[in-house]
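Below is one structure; the comments refer to it alone.
Numbering (mature numbering (1 follows the signal peptide of the UniProt record, and there is no 0)), first residue to last: -26 to -1, 1 to 262.
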């Protein structure tokens, strides 16, 4: 027998499907309530005008953690601090402005359900490596004196450094798991500072050939972080793929600043736009 109300039944069926899909979507999107952010200056700083907390940590409220927490509606305990190394996860850190940041792991508890961490750059010594390359640039501005210097023994010193700190990253991730067993752990890499090929002297005070070299070293650092994340039950947000936002771009396109910053942040560090960009990539990884 033909139904007397085919349209009504079709509408009801469609409504049920929409409601079911909505419930399934809501169930598929994870909810985070207790968020702890760990890391160094690439996690901490955005605008110097929004800095708060431990003197010398330069912990901005508009860093990627602040943006992520706001989007998730999560309570944020931001423990990140400029100049932090992996050692400062478990030991206090004395800052350049006479502040003391407690061990960053002190923020972790059994109820923590989300942890982001950006660490390893200071163990590696990336900032000092850039400085050394800048000094060497005057000896051969159109060559690659820094690359030659680091390969003078036949083994690239900077590549070796990346390999050396991998166990330290592994220990950090294991330490987070031990203290926050319920937490989703997200390892956030470093925004690319330099373009893949040529630089933009004097915004990048290094020899022409060393720009691509240092860019490649940063890619290796990010790849190591992503690899350790995979091995230690964490999720990686590898920012290596970010293009067109390095220090050589026009000020309104930059996510990181050059020697003379146009945005209110420190040289060779993320600005507010960069931290928002990183936050968007983190949120996408989390399914938000």
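Even glycine gets a Cβ: it sits at the ideal position worked out from N, Cα and C.
Beta-bridge pairing of residue i - partner residues as DSSP gives them
i, result
"residue 8", "49"
"residue 90", "11, 160"
"residue 25", "34"
"residue 75", "67"
Terminal residues of the alpha helix (DSSP H) in which residue i lies
i, result
"residue 110", "100 to 111"
"residue 259", "246 to 259"
"residue 155", "Note, residue 155: premise wrong, no alpha helix (DSSP H); not H, not E."
"residue 324", "One cannot answer for residue 324 here, as it falls past the ends of the chain, which runs -26 to 262."
As assigned by DSSP and simplified to three states, the class of residue i
i, result
"residue 15", "helix"
"residue 132", "helix"
"residue 67", "strand"
"residue 83", "coil"
"residue 60", "helix"
"residue 262", "coil"
"residue 271", "This structure does not reach residue 271, given that the chain is present from -26 up to 262, and the question cannot be answered."
"residue -2", "Its pLDDT being 46, under 50, residue -2 is placed unreliably by the model, and the measurement read from it follows with that caveat. If DSSP states are grouped into helix, strand and coil, residue -2 belongs with the helices."
"residue 148", "helix"
"residue 20", "coil"
"residue 97", "helix"
Test: residue i CB closer than 7 Å to a CB of chain D
i, result
"residue 247", "Note that chain D does not occur in the displayed structure, where there is just one protein chain."
Identify every run of the alpha helix (DSSP H) within the segment 163 to 238, keeping only runs that are complete inside it and at least 4 residues long; order them along the chain. 182 to 205, all fully within the segment 163 to 238.
Would you check if there are 3 or more beta carbon pairs closer than 8 Å linking the segment 210 to 223 to the segment 120 to 139? Between the segment 210 to 223 and the segment 120 to 139 there are fewer than three inter-stretch CB-CB distances shorter than 8 Å, so the stretches are not counted as touching.
Does the segment 92 to 106 come close enough to the segment 58 to 73 that 3 or more CB-CB pairs lie under 8 Å? yes
Are the segment 202 to 210 and the segment 174 to 193 in contact at 8 Å, needing three or more beta carbon pairs? no
Could you tell me whether the segment 43 to 54 touches the segment 178 to 189, where touching means 3 or more Cβ pairs closer than 8 Å? no
Using 8 Å as the cut-off, can you tell me whether the segment 141 to 155 makes contact with the segment 218 to 226, which would need three or more C-beta pairs spanning the two stretches below that distance? no
Evaluate the contact criterion for the segment 100 to 110 versus the segment 66 to 75: three or more CB pairs, one atom per stretch, below 8 Å. No, they do not touch.
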